[in-house]
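**Q**
In this note's numbering, the protein residues as written are -9 to 706.
(1) If distances are taken between C-alpha atoms only, which option among 110, 120, 113, 91 comes closest to residue 104?
(2) Return the chain-ordered list of same chain residues with a C-beta closer than 6 Å to the C-beta of residue 668, the five sequence neighbours on each side being excluded.
(3) What does DSSP give as the partner residue(s) for residue 584 in the beta ladder?
(4) Excluding the 5 residues flanking residue 707 on each side, which residues of the same chain have their C-beta closer than 8 Å to its C-beta?
(5) Check for me: the alpha helix (DSSP H) holding residue 39 runs from which residue to which?
(6) If I follow the unbroken beta strand (DSSP E) through residue 158, where does it start and stop?
(7) How far does the beta strand (DSSP E) with residue 437 in it reach, from first residue to last?
(8) Please specify which runs of the beta strand (DSSP E), each continuous and at least 3 residues long, are wholly inside the segment 574 to 639, giving them in chain order.
(9) Looking at C-beta atoms only, is the number of pairs between the segment 59 to 69 and the segment 9 to 25 that lie closer than 8 Å three or more?
(10) Just to confirm the assignment, what range does the beta strand (DSSP E) spanning residue 272 have?
(11) Mind checking whether residue 452 and residue 621 have CB atoms under 9 Å apart?
(12) So what's residue 6 in DSSP terms, helix, strand or just coil?
(13) Buried or exposed, going by whether 16 or more other CB atoms sit within 10 Å of the CB of residue 700?
(14) On the DSSP letters alone, give me the boundaries of the alpha helix (DSSP H) that residue 693 sits inside.
(15) Can you tell me which residues form a DSSP beta bridge with residue 477?
(16) Which residues bound the beta strand (DSSP E) around residue 23?
(17) Which same chain residues, not among the five before or five after residue 188, have their C-beta less than 8 Å away from its C-beta?
(18) Return the residue from the list 261, 68, 290, 195 that minimises the CA-CA distance to residue 714.
(19) Which residue or residues does DSSP assign as beta-bridge partners of residue 31?
(20) Let's see if you can read the secondary structure: which residues bound the beta strand (DSSP E) around residue 568?
(21) For residue 425, which residues in the same chain have their Cβ closer than 6 Å to its Cβ, ignoring the five residues on either side in sequence?
(22) Please report the straight-line C-alpha distance between residue 70 and residue 284, rounded to a whole angstrom.
(23) Give the secondary structure of residue 150 by DSSP, where H, G and I count as helix, E and B as strand, and everything else as coil.
(24) Helix, strand or coil for residue 67, going by three-state DSSP, please let me know.
(25) Kindly confirm or deny that the segment 584 to 598 and the segment 475 to 495 touch, where touching means at least three C-beta pairs closer than 8 Å.
(26) Using a threshold of 9 Å, state whether the C-beta atoms of residue 305 and residue 395 are closer than that.
(27) How many whole angstroms separate the CB atoms of residue 373 and residue 257, which I take to be in contact at a CB cut-off of 8 Å?
(28) Pick helix, strand or coil for residue 175, following the three-state DSSP scheme.
(29) According to the neighbour-count rule (16 or more other Cβ atoms, all chains shown, within 10 Å of its Cβ), is residue 18 buried or exposed?
(30) Would you kindly check if the distance between the Cβ of residue 12 and the Cβ of residue 439 is under 9 Å?
(31) Assuming residue 460 and residue 443 form a contact by the criterion Cβ under 8 Å, report the distance between their Cβ atoms to the nearest whole angstrom.
(32) How is residue 308 classed by DSSP in three states: helix, strand or coil?
(33) At which residues does the beta strand (DSSP E) containing residue 258 begin and terminate?
(34) Which residue marks the beginning of the beta strand (DSSP E) containing residue 92, and which one marks its end?
(35) Since residue 183 contacts residue 167 with CB under 8 Å, what's their CB separation in whole angstroms?
(36) Measuring straight from C-alpha to C-alpha, what distance separates residue 288 and residue 609?
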């Protein structure tokens, strides 16, 4: 037992321990849950990977309270955000929502500060507040660092001296015609005594709002940066240091927060990441300007549906479950919920217009009494807006259906800019993370890998599972330039990157530019003519070598592959090519010409995910959601990625070719000497033949050859 009474007999963290590489190195918020799904701890991190790995240290290195928490937990999940400020804000909101038992902060009624501007007043004022109970006031924030906020406001008042006093102080100054101290030190323009008109003062407030919203904030920070550099150049380092600190403080105020909106924002944000077989969807629920919850789904494409149809089917299924009517759910996709962060206080009981109006009235009353958003009120299951990355199919029909469920107008739209676009990007990032975790969990699961290999063996009629799979892909530009090929290797359904190989296609003239079938034939021929030792026993050859040295006779010599990293390994059980029947026939011809008759060949066509085999007029159709299809797709996609990477490297090197590369007798060493002497090829073109002779190692003949080559286009 530790000091808090938690048993230390076993380490339950092993039940859900994520791989370090699976955790993103980005800002975010994480939640620990117990065995019943209750959130027991909410935390924030500037770098999720660094923070979460600390929880998986040996237990004796953790604080007793942390030991109790991690041993109570049975799952861990995280949400990626854009900045540290967003993680602070989201952590605060969700601690209030879930009331986790292991969180010791935010138990009181303290909130983050806001910067408020009373834009509805005749002479607006600005002040720092922790409440949002005035409806005629515009609020900016919340901000996590109140000290930086106050100092940034102090700096802004020197440039935009707007009113900050209360109504009583302002009225007293109007009566006595004596301004307050702030007017004397230049931090108020004193509209109370007529030093500035109300219209001019309002224009100044609009400029201040422009800084806070970022509309002119960047240009204002750029102005301060120029002043800092000028002060540094004039050796006024104290002034430069003050400006530097002001820039840093102002940056915290100008920093945009994509997880907090105005109080009237009521929307669901759906982020999507998809491939040919599955998709991951992540949703943020925003009610009254705050993220009240999130959900994540895994979607299997039972049929060949487009992304537009997939989003439409998802919207129908999600809101049909909320309404309790699943009769409209499509059968073209299978939607499985992976994560549901809807707290006990977030009950979706406001299911009609009357209940929603009652909940809104109660929320406004509580906000007027406490000065903060009411996170206990029920939320509406159908919002005013549904924000999606691409416009779904049947949009008007869906809007009409959702409007009937809500009892009011509902708009489905995409976001192209502003805070809503930023939160939609966050949802897309989290969907991408969920997709990656789903695929990695499938790879790490030995049972899933075994099932995948058995599915492939059954579909292709193999006697045993393909323990080693090699996949090939061709990549080039239009016209066949920079043509390359890739070979990736999977052993036990896991990528073995140490045995990846890449090929520069040569062709008959050594320049490549073959058609894809000829390039594939050349690649496979080059692979199976070298390092192709069959029958590798997997045994060490040390015993055989020792027996030979002692002059003993070896009854059964061991056979071992060439393990040098520049050679190929033993033959695969299965060769996969990216393409359909023509590519499969070319691959089969290459293996036949190399005398290889114990390797199975198949191709995976990308458009319909069909599996082709040689001498068969019809493809093999695997179930789209089968583990075997996932394995073949993963192998094919990895070969395509590897080929594209090598092709881009080759093309980049080709684009850097110099005019000196085509001159006979001028290699890399001479090019360096010439560039060091002249500085550029342009300077060489302006030189004469005698100037080239000044370069070490360049004689008269070579100097003349260089001069003629550089001026060949001029006809000289």
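All C-beta atoms in this analysis are idealised placements derived from N, C-alpha and C, irrespective of residue type, glycine included.
These numbers were taken from a predicted model, which means no experiment stands behind them.
**A** Based on what the coordinates show:
(1) Translated into positions along the chain shown, residue 104 becomes position 114. Of 110, 120, 113, 91, the residue nearest in Cα terms is 120.
(2) For the purposes of this step, residue 668 is identified with residue 678 of the chain shown, where counting begins at 1. The residues are 674.
(3) Translated into the one-based positions of the chain shown, residue 584 becomes position 594. None, per the DSSP bridge assignment.
(4) Residue numbering for the chain in the displayed model covers -9 to 706; residue 707 lies beyond these limits and cannot be assessed.
(5) Taking the first residue of the chain shown as 1, we reach residue 39 at position 49. Per DSSP, residue 39 belongs to the alpha helix (DSSP H) from 38 to 44.
(6) Against the chain shown, residue 158 aligns to sequence position 168. Membership of residue 158 in any beta strand (DSSP E) is not indicated; the residue belongs instead to the alpha helix (DSSP H) covering 157 to 166.
(7) As a first step, residue 437 must be located in the chain shown, where it is residue number 447. No beta strand (DSSP E) holds residue 437; the alpha helix (DSSP H) holding it covers 436 to 450.
(8) 590 to 595, 600 to 602
(9) yes
(10) Here residue 272 refers to the residue found at position 282 when the chain shown is read from its first residue. Counting along the chain, the beta strand (DSSP E) containing residue 272 begins and ends at 268 to 277.
(11) Along the chain shown, read from residue 1 onward, the residue named residue 452 stands at position 462. Along the chain shown, read from residue 1 onward, the residue named residue 621 stands at position 631. Against a cut-off of 9 Å, the Cβ pair of residue 621 and residue 452 comes out as no contact.
(12) Here residue 6 corresponds to residue number 16 of the chain shown, with the count starting at 1. Coil at residue 6, not helix or strand.
(13) To locate residue 700, count along the chain shown from 1; it is residue 710. Burial call: buried.
(14) Start at 1 with the first residue of the chain shown, and residue 693 comes out as number 703. Where residue 693 is concerned, the enclosing alpha helix (DSSP H) stretches over 690 to 700.
(15) In the chain shown, the residue the question calls residue 477 occupies position 487. Paired residues: 462, 491.
(16) Mapped onto the chain shown, residue 23 falls at position 33. From DSSP, the beta strand (DSSP E) with residue 23 extends over 18 to 23.
(17) The count along the chain shown starts at 1 and reaches residue 188 at position 198. 112, 113, 181.
(18) Residue 714 is absent from the structure shown; the chain starts at -9 and stops at 706.
(19) To locate residue 31, count along the chain shown from 1; it is residue 41. Beta-bridge pairing links residue 31 to 22.
(20) By one-based count along the chain shown, residue 568 stands at place 578. Residues 564 to 568.
(21) Residue numbering aside, residue 425 sits at position 435 when the chain shown is read from its first letter. Cβ within range, chain order: 263, 270.
(22) As a position in the chain shown, residue 70 is number 80, starting the count at 1. As a position in the chain shown, residue 284 is number 294, starting the count at 1. Their Cα atoms are separated by approximately 12 Å.
(23) For this step, residue 150 is matched to residue 160 along the chain shown. Three-state result, residue 150: coil.
(24) In the chain shown, counting from the first residue as 1, residue 67 sits at position 77. Residue 67 falls in the strand class under three-state DSSP.
(25) In this structure the segment 584 to 598 does not touch the segment 475 to 495; the number of beta carbon pairs closer than 8 Å is below three.
(26) Along the chain shown, read from residue 1 onward, the residue named residue 305 stands at position 315. Along the chain shown, read from residue 1 onward, the residue named residue 395 stands at position 405. No, they are not a contact pair.
(27) Numbered from its first residue, the chain shown carries residue 373 at position 383. Numbered from its first residue, the chain shown carries residue 257 at position 267. Sure, about 5 Å apart at Cβ, within 8 Å.
(28) Along the chain shown, one-based indexing puts residue 175 at 185. Of the three classes helix, strand and coil, the one that applies to residue 175 here is coil, per DSSP.
(29) Within the chain shown, the letter at position 28 stands for residue 18. Within a 10 Å sphere around the beta-carbon of residue 18 sit 16 or more other beta-carbons, which makes this residue buried.
(30) One-based indexing of the chain shown puts residue 439 at position 449. One-based indexing of the chain shown puts residue 12 at position 22. Not closer than 9 Å, so no.
(31) What you label residue 460 is simply residue 470 of the chain shown in a count that begins at 1. What you label residue 443 is simply residue 453 of the chain shown in a count that begins at 1. A Cβ-Cβ separation of about 14 Å leaves residue 460 out of contact with residue 443 under the 8 Å criterion.
(32) By one-based count along the chain shown, residue 308 stands at place 318. Note: residue 308 maps to helix in three-state DSSP.
(33) Your numbering for residue 258 matches position 268 in the chain shown. Segment 257 to 264, the beta strand (DSSP E) holding residue 258.
(34) Numbered from its first residue, the chain shown carries residue 92 at position 102. Boundaries for residue 92: no beta strand (DSSP E) harbours it, and the DSSP string shows neither H nor E there.
(35) Here residue 183 is taken as the residue at index 193 of the chain shown, counted from 1. Here residue 167 is taken as the residue at index 177 of the chain shown, counted from 1. The Cβ separation is near 5 Å, so the contact holds.
(36) Sequence index remark: in the chain shown, residue 288 carries index 298 (1-based). Sequence index remark: in the chain shown, residue 609 carries index 619 (1-based). Approximately 28 Å between the Cα atoms of the pair.
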